[in-house]
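Down below is the structure, laid out as structure tokens.
See below:
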């Protein structure tokens, strides 16, 4: 606690005032987006500061958004793709991290070195060859194209390894004495004990892939397959500026899930982020 | 003996050949179009009508933002193998598709039609989708660059909405007097493939490329005049915005004059919602000048013969007088079909009643193919010309310098 | 707990209870290890290392996507890349953007963290608000920013005009477009920095502040300088690296708001990479841009990591 910093009341008021200012600026796009999403066309382009519309048009805008664009489809795609990616990432990365953390074997350091090098490579660099590769094996414009490139995550391996290393070796030995195979040890013993790491990684993964625009832009073209980020851009392109209200309504719908999840489970998000970061 | 065998073989082939038509295999055509903000309604309506009258064929619609995005998608899918079967491609790209053999020449289908000419396809418009001797598409929607005036703002500036200027100098001097929140005038300089620049050059009788198809020809007096017109527009008061923003601004009444495609007349009128009157004036064309046809043509891309046959039925339907009438009423694109235009049963009275819509129709006789640059860097030329036009419009650089630089840069891309 | 004792016992007995079996255990260990790590290794090679190799190879050829033949052209693509005015502008813009976003994010993130930490109430509230931009899909928020920044009917210009301040055509003026994108970048990343600084601030022991006070550091500025900032060293390094990389890889705002325009004023490396590879299909050129991008990203990370490591004060 910083109680001994003991801010005097004027300073405290100044602090609150400053924070209110920064909060207002941060929230500005959100608030304006929401405001435009409930205004009729006449008011959207009017010069005014009014947040609330004179004529509530929310129902029309939101229903237009849901019908003019396959918004629910985009959201379902996002859910599908993100959960598939996360599941596969854990399946692939956790065992590898366990091996790196708890097993002695030749080539372990080399493997870890490869993971570290992988950490250095930004994913966009791989886009061109992965696109070509995807085309060669015929998975472009499918869910597979959205999921497969991400199922190994050097960051995931690294993060899990750090957490697994902190788990006492005795636990592993005890499990082995109980006759558990290494696989079982990973899934039934280690992973449950490293829950903070799993949560932290899940957050990174889901947030990153829900919001990813670059790779879906390249990998898929069918509107049926689009995740929300590219879906909203497609909607904007189709509207070409003529229907702002529904476009804003659609944007609100797209950002809502992550924001709601975050607000509901703030502590987990923040702890996960700092745990992952500080380690 | 041989003759009898030959006749039997021919009969046999005819029977075999007609079997697929009897078989009624369900065919799904993937159809790509653009400009959903104005085209979605007619596309969905007409495709549904087609499906109703042609059971056994299903239409799967797909849209991207504009013609350039369509072409990029076509190029990509040509390699990845899932090209759309039918596309409403921008007329600017006929040449590109022809050269890369991505569109099916339609002359064979046309030749088999019993009464093609009676169906009403005008020669001059058909030319816009021809390359060399072959026809690569049937034009579906035609537009020309045109000039929109906000009648209220014109009156406020002391002008007369019923006697609007028709030459560039007069238009610019009216613009100088207009006071509007989003600017007095906006010249759309970022349409697909520099359409409006081509219009400025060709409307004065100039050409974009020399006969050798390799040397730029727009750097002559017509090109200079084009840039000087842009300069005068910039001086008259143009706020640099994206074309979407300019369209929004005009529709809500804060832009005085808008120079853009004639395809949105009905849309703006609807969006203006009676708050202000819209008047349309023809894009100035000098004696002997021409206008590049904007819009799109239906092209068949699939290589599957069964799909090609179904696609041809779709093409004929969409470009027939009924569909064209529906299209013209929902958008403001002009029909290809002469019957649709001149027959009172279709659109004749409609146009007579809407003087704004009649303006681009009257310019159809001076419409020519939409020019496009040859070569593999053709897509990259577009931003070069756009940036040059912008430099002039925002009064950054003088027209002469810009013209020389632009010609050099484009020439390099052509080599 | 008896754990420490057991540990000593285990160490006394030998590495692991099963190691008494010698070779077969090590072998079974190896088999287990490679089975567990095998899929990850295979995927790392196929999805990371082979593609990187492929990029380098393609960058040395004249291959156009879809062509059936290619030939090696040595460094010709790189020459073309660096001779291209548009690429140089893109590179310059990216560096400038990072140079604005990283300090801006860190200073503002730290500032907000300090403000929040010094208060007693509403902490979670402010923390949540400032973190929202980081979670919100940037593509969607860019569309909201586009509405705010509209030159005539956007809220920003309306407010400025109402206050009598000069307005600008934010996204269409070459002088303002990149700073505006950078401002949006700071807006988005501020919360991330703030959260990490908050965690770092919480972990600073109070004793240090008492000690500083005893030594005469009365003003908050002194406390900041002598205790807070040095103690935040590791966090600072981490935030710096992550934000710098993220800024370097900016794509969404450019693609949605400006498409690199006007001219090349807001074009950034990722967008150039995308445009050349996937819009113009100049594959060899695009691969060369990718190589440059990769080399800079790697250099950035390694340099920062080693540089900051030396300067950071660890407890």
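Residue numbers (our numbering), protein chains in the order written: chain A, 375 to 653; chain B, 55 to 469; chain C, 208 to 522.
We put the CB at the ideal spot given by N, CA and C, even for glycine.
All values reported here derive from a predicted model rather than from experimental measurement.
Let me make sure I understand the geometry here. Which of B/306, B/180, B/443 and B/133 has the alpha-carbon closest to that of residue 507 of chain A? Counted from its first residue, the first chain places residue 507 of chain A at position 133. Closest by C-alpha distance to residue 507 of chain A, out of B/306, B/180, B/443 and B/133, is B/133.
Residue 258 of chain C at chain B interface by Cβ criterion, 8 Å: For this step, residue 258 of chain C is matched to residue 51 along the third chain. Chain B has no Cβ within less than 8 Å of the Cβ of residue 258 of chain C.
Does the distance from the C-beta atom of residue 381 of chain B to that of residue 156 of chain B stay below 8 Å? Start at 1 with the first residue of the second chain, and residue 381 of chain B comes out as number 327. Start at 1 with the first residue of the second chain, and residue 156 of chain B comes out as number 102. No; because the gap between Cβ atoms is not below 8 Å, this pair is not in contact.
Sub-8 Å separation of residue 415 of chain B and residue 202 of chain B beta-carbons: Here residue 415 of chain B refers to the residue found at position 361 when the second chain is read from its first residue. Here residue 202 of chain B refers to the residue found at position 148 when the second chain is read from its first residue. Their beta carbons are not under 8 Å apart, which means residue 415 of chain B does not touch residue 202 of chain B by this criterion.
For residue 337 of chain C, return the contacting residues in chain B, with the cut-off set at a CB-CB distance below 7 Å. Here residue 337 of chain C refers to the residue found at position 130 of the third chain. Ordered by position in chain B, no residue passes the 7 Å Cβ test against residue 337 of chain C, which lies about 30 Å from the chain.
By DSSP, does residue 438 of chain A sit in helix, in strand, or in coil? Within the first chain, numbered from 1, the residue matching residue 438 of chain A stands at position 64. Note: residue 438 of chain A maps to helix in three-state DSSP.
Length-filtered (4 minimum) alpha helix (DSSP H) runs lying within the region 539 to 571 of chain A: Correct list: 543 to 551.
Going by CA-CA distance only, name the one from A/625, A/611 and A/623 that's closest to residue 299 of chain B. Here residue 299 of chain B corresponds to residue number 245 of the second chain, with the count starting at 1. When each option's Cα is compared against that of residue 299 of chain B, the closest is A/611.
Grab the span of the alpha helix (DSSP H) containing residue 199 of chain B for me, first residue to last. Stepping through the second chain from its first residue, residue 199 of chain B is reached at position 145. Premise fails: residue 199 of chain B lies in the beta strand (DSSP E), 199 to 204, not in any alpha helix (DSSP H).
I want to see whether chain A comes within less than 8 Å of residue 365 of chain C, judged by CB atoms only; does it? As a first step, residue 365 of chain C must be located in the third chain, where it is residue number 158. Residue 365 of chain C belongs to the set of residues whose beta carbon lies under 8 Å from a beta carbon in chain A.
Proximity of residue 473 of chain C and residue 356 of chain C at Cβ, strictly below 8 Å: Numbered from its first residue, the third chain carries residue 473 of chain C at position 266. Numbered from its first residue, the third chain carries residue 356 of chain C at position 149. For residue 473 of chain C and residue 356 of chain C, no; Cβs fall outside 8 Å.
Examine chain A for any beta-carbon lying closer than 8 Å to the beta-carbon of residue 309 of chain B, and answer yes or no. Position 255 of the second chain, counted from the first residue, corresponds to residue 309 of chain B. The beta carbon of residue 309 of chain B does not come within 8 Å of any beta carbon belonging to chain A, so the residue lies off that interface.
How big is the Cα-Cα spacing for residue 379 of chain C and residue 315 of chain B? Counted from its first residue, the third chain places residue 379 of chain C at position 172. Counted from its first residue, the second chain places residue 315 of chain B at position 261. Using only the alpha carbons, I get a separation of about 22 Å.
What residues of chain C sit near residue 293 of chain B, judged by a beta carbon separation below 8 Å? By 1-based counting over the second chain, the position of residue 293 of chain B is 239. Going along chain C in sequence order, the residues near residue 293 of chain B (Cβ under 8 Å) are 358, 359 and 376.
Verify the CB distance criterion: does residue 447 of chain A have a CB-CB separation below 8 Å to chain B? Position 73 of the first chain, counted from the start, is the residue given in the question as residue 447 of chain A. So, not an interface residue.
Hey, is residue 497 of chain C's beta-carbon within less than 8 Å of any beta-carbon in chain A? Residue mapping note: residue 497 of chain C aligns to position 290 of the third chain, counting from 1. At least one chain A Cβ lies under 8 Å of residue 497 of chain C.
Outcome for residue 513 of chain C when other beta-carbon atoms lying within 10 angstroms are tallied against a minimum of 16: On the third chain, position 306 is the one that residue 513 of chain C refers to. Around the CB of residue 513 of chain C, fewer than 16 other CB atoms lie within 10 Å, so the residue is classed as exposed.
I'd like the span of the beta strand (DSSP E) that includes residue 87 of chain B, first residue to last. As a working mapping, residue 87 of chain B is identified with position 33 in the second chain. From DSSP, the beta strand (DSSP E) with residue 87 of chain B extends over 81 to 88.
Rounded straight-line distance, which links the Cα of residue 460 of chain C to that of residue 383 of chain B: Stepping through the second chain from its first residue, residue 383 of chain B is reached at position 329. Stepping through the third chain from its first residue, residue 460 of chain C is reached at position 253. Their Cα atoms are separated by approximately 37 Å.
Who are the Cβ neighbours of residue 377 of chain B in its own chain at under 7 Å, not counting the five residues just before and after it? Residue mapping note: residue 377 of chain B aligns to position 323 of the second chain, counting from 1. Exclusion of the five residues before and after residue 377 of chain B leaves 100 and 371 as the residues of its chain whose Cβ lies within less than 7 Å of its Cβ.
Whose Cβ in chain C lies nearer than 9 Å to the Cβ of residue 581 of chain A? Your numbering for residue 581 of chain A matches position 207 in the first chain. Residues of chain C passing the Cβ test: 341 and 342.
Taking 8 Å as the threshold (C-beta atoms), are residue 243 of chain C and residue 556 of chain A in contact? Within the first chain, the letter at position 182 stands for residue 556 of chain A. Within the third chain, the letter at position 36 stands for residue 243 of chain C. Going by C-beta atoms, residue 556 of chain A is nearer than 8 Å to residue 243 of chain C.
Is it true that the CB of residue 343 of chain B sits closer than 8 Å to the CB of residue 257 of chain B? Residue numbering aside, residue 257 of chain B sits at position 203 when the second chain is read from its first letter. Residue numbering aside, residue 343 of chain B sits at position 289 when the second chain is read from its first letter. Less than 8 Å divides the Cβ of residue 257 of chain B from the Cβ of residue 343 of chain B.
Report yes if the CB atom of residue 189 of chain B is closer than 8 Å to the CB atom of residue 180 of chain B, and no otherwise. Start at 1 with the first residue of the second chain, and residue 189 of chain B comes out as number 135. Start at 1 with the first residue of the second chain, and residue 180 of chain B comes out as number 126. Yes.
Could you name the residues of chain A that residue 91 of chain B contacts, counting a contact when the two beta carbons are closer than 8 Å? What you label residue 91 of chain B is simply residue 37 of the second chain in a count that begins at 1. Under the 8 Å cutoff, chain A gives 612, 613, 614, 615, 616 and 617.
Closer than 8 Å at the beta carbon, the chain C residues around residue 456 of chain A: For the purposes of this step, residue 456 of chain A is identified with residue 82 of the first chain, where counting begins at 1. Contacts between residue 456 of chain A and chain C, judged by CB atoms closer than 8 Å, are missing: the closest CB pair is about 12 Å apart.
Nearest to residue 346 of chain B by CA position, among B/420, B/302, B/110 and B/427, is which residue? Working through the second chain from its first residue, we reach residue 346 of chain B at position 292. The shortest C-alpha separation from residue 346 of chain B is found at B/420.
Look at the Cβ atom of residue 379 of chain B, then the Cβ atom of residue 411 of chain B, and state whether they are nearer than 8 Å. Residue numbering aside, residue 379 of chain B sits at position 325 when the second chain is read from its first letter. Residue numbering aside, residue 411 of chain B sits at position 357 when the second chain is read from its first letter. By the CB criterion at 8 Å, residue 379 of chain B and residue 411 of chain B fall outside the cutoff.
Do you know how far the Cα of residue 542 of chain A is from the Cα of residue 476 of chain A? Here residue 476 of chain A corresponds to residue number 102 of the first chain, with the count starting at 1. Here residue 542 of chain A corresponds to residue number 168 of the first chain, with the count starting at 1. For residue 476 of chain A and residue 542 of chain A, the gap between their C-alpha atoms comes out near 10 Å.
Let's test the definition: count the other Cβ atoms within 10 Å of the Cβ of residue 456 of chain A and tell me whether it reaches 16, buried, or not, exposed. In the first chain, counting from the first residue as 1, residue 456 of chain A sits at position 82. Under a 10 Å Cβ-count criterion, residue 456 of chain A is classified as buried, with 16 or more other Cβ atoms of the shown protein chains found around its own Cβ.
Thinking residue 278 of chain C and residue 269 of chain C are a contact (beta carbons under 8 Å), I'd like their distance in whole angstroms, please. Taking the third chain and counting its residues from 1, one reaches residue 278 of chain C at position 71. Taking the third chain and counting its residues from 1, one reaches residue 269 of chain C at position 62. About 6 Å separates the two Cβ atoms, so the contact holds.
In whole angstroms, give me the CA-to-CA distance for residue 256 of chain C and residue 492 of chain A. As a first step, residue 256 of chain C is located in the third chain; it is residue number 49 there, counting from the start. As a first step, residue 492 of chain A is located in the first chain; it is residue number 118 there, counting from the start. Answer to the nearest angstrom: the Cα atoms are 8 Å apart.
Starting from residue 112 of chain B, find everything on chain A with Cβ-Cβ shorter than 8 Å and list it in chain order. For the purposes of this step, residue 112 of chain B is taken as residue 58 along the second chain, with counting starting at 1. Residues of chain A passing the Cβ test: none, with the nearest at roughly 15 Å.
According to DSSP, is residue 513 of chain A part of a helix, a strand, or is it coil? Against the first chain, residue 513 of chain A aligns to sequence position 139. Three-state result, residue 513 of chain A: coil.
Considering only DSSP beta bridges, list what residue 117 of chain B is partnered with. For the purposes of this step, residue 117 of chain B is taken as residue 63 along the second chain, with counting starting at 1. Answer is B/87.
Best match in B/243, B/235, B/396 and B/464 for proximity to residue 448 of chain B [C-alpha to C-alpha]: As a first step, residue 448 of chain B must be located in the second chain, where it is residue number 394. It is B/243 whose Cα lies nearest to the Cα of residue 448 of chain B.
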